[in-house]
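**Student:** Taken in order, these protein sequences are the chains called A and B.
Read left to right, the first sequence gives residues 1065 to 1525 (the numbering used here).
Read left to right, the second sequence gives residues 1065 to 1525 (the numbering used here).
For each residue, glycine too, the CB sits at the ideal point set by N, CA and C.
Number of protein chains: 2
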Amino acid sequence: MRKIFVFTAIISFQFIVFSGFSQAEDSVVIRKIYNEALSNPVAYHNLDYLCNRIGGRLCGSAQAEKAVQWTKKVLDGMGLDSVYLQPVTVEHWERGPKEKASVTGKSGKRNLNVCAIGGSIPTPVSGITANVIEVKNFDELALLGKEKIAGKIVFFNRAADPRPIYTFEAYGGSVDQRARGAMQAGRFGALAVIVRSATPAHDNFPHTGNHHYADSVKAIPAFCVSTNDADSLSLFLKNDPKLKLFLHSACILHPEAPSYNVIGEIRGTTHPEEVILVGGHLDSWDIGQGAHDDGAGIVQSMEVLRLFKALNIKPARTVRFVAFMDEEYGQRGAKAYATASKLLADSGKEKHIAAMEADRGGATPLGFSIDGTAEEMVRIKAWKPLLLPYGIWSFEKSGSGVDIHDLKAQGTLLIALVTDSQRYFDYHHSDNDTFDKVNVRELEMGAAAMAGLVWLLDGGW
Amino acid sequence: MRKIFVFTAIISFQFIVFSGFSQAEDSVVIRKIYNEALSNPVAYHNLDYLCNRIGGRLCGSAQAEKAVQWTKKVLDGMGLDSVYLQPVTVEHWERGPKEKASVTGKSGKRNLNVCAIGGSIPTPVSGITANVIEVKNFDELALLGKEKIAGKIVFFNRAADPRPIYTFEAYGGSVDQRARGAMQAGRFGALAVIVRSATPAHDNFPHTGNHHYADSVKAIPAFCVSTNDADSLSLFLKNDPKLKLFLHSACILHPEAPSYNVIGEIRGTTHPEEVILVGGHLDSWDIGQGAHDDGAGIVQSMEVLRLFKALNIKPARTVRFVAFMDEEYGQRGAKAYATASKLLADSGKEKHIAAMEADRGGATPLGFSIDGTAEEMVRIKAWKPLLLPYGIWSFEKSGSGVDIHDLKAQGTLLIALVTDSQRYFDYHHSDNDTFDKVNVRELEMGAAAMAGLVWLLDGGW
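1) If S1494(A) and H1271(A) are in contact, beta carbons under 8 Å, what's the gap, nearest whole angstrom?
2) How would you list, in chain order, the residues of chain A whose beta-carbon sits under 8 Å from the beta-carbon of P1453(B)?
3) Which of helix, strand or coil does DSSP assign to S1458(A)?
4) Starting from W1519(B), trace the alpha helix (DSSP H) in both directions and tell me its first and last residue.
5) In whole angstroms, give me the CA-to-CA distance for W1519(B) and L1430(B).
6) For N1116(B), would you say it is in contact with chain A, using Cβ-to-Cβ distances shorter than 9 Å as the test?
7) Could you give the distance in angstroms between the alpha-carbon of S1261(B) and the alpha-carbon of T1483(A)?
8) Is there a C-beta anywhere in chain A that falls below 9 Å from the one on N1110(B)?
9) Can you confirm whether the region 1173–1184 of chain B touches the region 1286–1293 of chain B when touching is taken to mean that 3 or more C-beta pairs between the two stretches lie within less than 8 Å?
10) Taking 9 Å as the threshold (beta carbon to beta carbon), is W1519(B) in contact with chain A?
11) For H1109(B), report the span of its alpha helix (DSSP H) as first-last.
12) Are P1379(B) and Q1087(B) touching if we call contact CB-CB under 9 Å?
13) When the Cα of E1421(B) is compared with those of A1513(B), G1394(B), S1411(B), I1330(B), which residue comes out closest?
14) Given a limit of 7 Å on CB to CB distance, which residues of the region 1473–1487 of chain B reach chain A?
15) Counting C-beta neighbours from all protein chains within 10 Å, is the total for L1451(A) 16 or more, i.e. buried, or is it exposed?
16) Could you check the C-alpha separation between T1153(A) and E1129(A) for me, to the nearest Å?
17) Hey, is D1514(A)'s beta-carbon within less than 9 Å of any beta-carbon in chain B?
18) So if I threshold CB-CB distances at 8 Å, which residues from the region 1126–1155 of chain B count as touching chain A?
19) Give the range of the alpha helix (DSSP H) segment to which A1409(A) is assigned.
20) Would you call E1211(A) buried or exposed, if buried means 16 or more other Cβ atoms sit within 10 Å of its Cβ?
21) By DSSP's criteria, R1384(B) is part of a beta bridge. Which residues make up the other side?
22) So, does the CB of Y1393(A) fall closer than 9 Å to a CB anywhere in chain B?
23) Return the chain-ordered list of same chain residues with a C-beta closer than 8 Å to the C-beta of S1496(B), the five sequence neighbours on each side being excluded.
24) Check the Cβ of R1370(B) against every Cβ in chain A and list those closer than 8 Å, keeping chain order.
25) Which class does A1194(B) belong to by DSSP, given the choice of helix, strand or coil?
26) Measure the alpha-carbon distance for E1508(A) versus A1249(B) and round it to whole angstroms.
27) Going by other Cβ atoms of all chains shown within 10 Å of its Cβ, with 16 needed for buried, is I1316(B) buried or exposed?
28) In chain order, what residues of the same chain have a beta carbon less than 7 Å from the beta carbon of N1110(B), not counting five sequence neighbours either side?
29) Using a Cβ cut-off of 9 Å (strictly closer), state whether E1506(A) contacts chain B.
30) Give me the Cβ distance between G1436(B) and L1481(B), rounded to the nearest whole Å; I'm assuming they're in contact under 8 Å.
31) Where N1201(B) and G1245(B) are concerned, what is the direct C-alpha to C-alpha distance, given to the nearest angstrom?
32) What did DSSP end up calling G1120(B) once you bin it into helix, strand or coil?
33) Distance cutoff 9 Å, beta carbons only. Does T1272(B) sit that close to anything in chain A?
34) Show which residues of chain B have a CB atom less than 8 Å away from the CB atom of L1102(A).
35) Let me confirm a value: R1443(A) is counted as buried when at least 16 other C-beta atoms fall within 10 Å, else exposed. Which label applies?
36) Answer with buried or exposed for Y1230(A), where buried requires no fewer than 16 other C-beta atoms within 10 angstroms of its C-beta.
Okay, structure coming up:
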């Protein structure tokens, strides 16, 4: 089928975009891509395996290693032109046994749903018991100063704003408390921090994530607390400012460990040195199953290759799937890939013309976020009529994804699949991010949208 | 707030659409509507009550009566200008005790997940036990004819097509088996029908719905079977065509019963006789909780009024909420409303300028389906820039909703809220349609989209 269109790779962009013939043929191929994706739930079954048989897979863990081997095995079975592992050295933090938290005060004792923030040091074996001081942001913290904070547990409790339509905006507006709260509170002698989970949802799940210590500040243990329990703790504090909070964790930082990016590709028929990358991140947080984050993106990106094979599409450029390791913790996989890629690019052996990451959850796709030039935006937006029948309406110039970001140095066009974000932070980084929260059709539509755009990029770039 | 804009009701459409000033002010109001909807989960709490305290509410049932009284009570508490009940006489079919179905054959006995189709007659007390003949459509049925069908149970097993993007299309392409299967099979002397549930989902839930007998054909009992069990039954039949299927139901058709449409309104300040209707249907099937179908539409439509009150918007036209009774069974509420409305319209006392129904589930809103003239489409599409920031991108000329359809005779502009349909038929008419399947933000976004469009219609029509 593809051979009909191979010529499009070598003729001008104007012809591709404005030729009625070409768009008509493109629309036929895209319809076939969607039909195949929606009729054969391979991506969904892959996600089932990754979530229910392997589960949460933080970099350095045995589950992450299992995920690497499983991904390679799936790729090996797809009849691709090349499947390989790219070595990556990752940090290996382990949560240890389930964390404990409880408040004791005037009205007795009550447990709180908490979990350690990724990378946190452990508490002493006996835990930490101290008074709590609640703040909404770093300015409040600084105003209180060492006198009010030293020897206490700082409780960051600024809620995610429910008003932004795209929930990543609300997340971005509250996540500083998790990412830098321990570092900031540590400056003033706090014993630990407990941070309201970065989600607009009202639930009982602590939502974890990464954070950073500063070399110049003594590290202190860091916890997330569920939004419902954050509300409760705040209420308790109003009635009983002297209450005591007990926190216990036993996190372990192991030595760095070997791991891999997993790569599989269909070699281009006429321009094999020009790469169109599709990918997501194979690691996930250890709690939950990493279903939406980012099992969905992994199986959708693999599905792009499967769809091309199933429909006998032979791309002119190389279409490469990359399962990046360690997006959640230290982005070592992204760095290793970008470094190796730069060497190949500098020596003229390979060039990434486009890279697309799926890492915003497996809900209904709405469009693409495009990190490209104004001219590139025009070229991509010209394809909108081909994708609008599938509900792909949004083509925004904006950021892409953490794993592909460093390819920008090569001049690569960067793209992120944009999905409906309303439910995403209900699941994100929590025990609630499980396979059953992903709808098969929504997942398949995302894979098909990606494959459709790869088809267009291959023919029209 | 509204008084700034009251003048817009009496000046020309062109000014409204093309005046930058007016659209800028509209955009401020629409942002406030969304902020209020997303910050105060009143609609969600209402849905919680309707689903978890009242539950499934088929017309004529005690639950439907409870739903009427509860809806009236909620409206009474909203400070509206008028709240009233409109009497409706409804049919009252009752499912009776849980239906039973099992296959017995070479490989033993196996139960199937079935439920009676709404309006079905019961089986004899001892049930029906017979051989099964599987068909995909009415043509196949007619080809087999009386000789092959008489004395058997007909199994309609045409799967919903997974390929259409809008799942209502797949539903529409398979629902004839449920709606007319018993009537068609009855012509050829079948003893009963068992119909594959009209959903593209692969699940264990029988999905019920309505059907029709023909006066000229002997009525036979009608059942739906879950899609997973339909697949199993088909496989069993391939291996063992002589297997016996046992079906039992004990449905009751009670005498017709009194019920009500529930109505509440904010009277227009300058054109009270011009009505903008928002509504959904208060009844649901008896199984499940009628959360997506159509609890969501009910609480979203009520939320339109709440948002107007909360923001102190005083519409120029009357904004009327109608909770229609009996959409699922016989549409008696819609008929009663349309009949009464026609009398008022004919006598010049009232005119519905627009009617909007929310009855496509409580998932993320994507746009509106508009049953209007070409000129009306142009006028509405001119508002697209105001709603696109909220993901409302689709403005299609197409059908509206069963409950408002008859108002077309008055020349009323008819509109349906269009929501993401991917998950809808996972829930539709089954035990799976429960409160927990509705996401609070998705629900609120739908209510805000409706309120935004009502605001624009009030000012710009």
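**Tutor:** According to the structure shown:
1) 4 Å
2) I1229
3) strand
4) 1504–1524
5) 18 Å
6) no
7) 29 Å
8) no
9) yes
10) no
11) 1106–1112
12) no
13) A1513(B)
14) D1484, Q1486, R1487
15) buried
16) 12 Å
17) Reading off the sequence shown, one finds Met at residue 1514(A), where the question assumed Asp. False, the Cβ-Cβ gap to chain B never drops below 9 Å.
18) none
19) 1396–1410
20) exposed
21) E1329(B), L1341(B)
22) no
23) The residue you asked about is not Ser; residue 1496(B) is Asn in the sequence shown. Result list for N1496(B): D1267, F1269, G1352, D1490, in chain order.
24) Within chain A, no residue comes near R1370(B); the closest Cβ sits about 16 Å away, beyond 8 Å.
25) strand
26) 36 Å
27) exposed
28) V1138, V1363, M1366
29) yes
30) Actually they are not in contact, since the Cβ atoms of G1436(B) and L1481(B) sit about 15 Å apart, beyond 8 Å.
31) 9 Å
32) coil
33) no
34) P1226, R1227
35) buried
36) buried
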